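Trainee:
Residue numbers (the numbering used here): 340 to 415.
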């Protein structure tokens with residue numbers, strides 16, 4: 340990211356969140372707009388926890404990746 344820094348208005352999407360460290364870093368340090376999709380609604384609590392301690396924001400969408408089509412993706 341030092342060689343190719345992201346513009347602060349960059350929008351990031353993470354599908355099936357898994358371990359959220361990369362998107363938390365993007366949201367916190369680069370102030371990018373991050374949307375995370377995951378099938379497990381419990382992931383929202385984990386994201387909220389990480390965002391709280393890192394003072395950043397990640398938009399969480401509870402859905403399965405097979406339902407993500409060009410409609411929500413055209414924003415990215």
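Glycine residues also receive a C-beta, built at the ideal position from the N, C-alpha and C atoms.
Note that the coordinates shown come from a computational prediction; the quantities given were computed from them, not determined experimentally.
Measure the Cβ-Cβ separation of residue 374 and residue 400 and say whether it is below 8 angstroms.
Mentor: Yes, they are a contact pair.
Trainee: Around the Cβ of residue 405, are there at least 16 other Cβ atoms within 10 angstroms (buried) or fewer (exposed)?
Mentor: By the 10 Å Cβ count, residue 405 comes out exposed.
Trainee: Measuring alpha carbon to alpha carbon, tell me which residue in 348, 378 and 363 is nearest residue 391.
Mentor: Residue 391 has its Cα closest to that of 363, out of 348, 378 and 363.
Trainee: May I ask you to list the residues that DSSP assigns as paired with residue 349?
Mentor: Looking at the DSSP assignment, residue 349 forms no beta bridge with any residue, so it has no partner.
Trainee: If I'm right that residue 354 touches residue 376 with Cβ under 8 angstroms, what's the distance once you round it to whole angstroms?
Mentor: About 5 angstroms separates the two Cβ atoms, so the contact holds.
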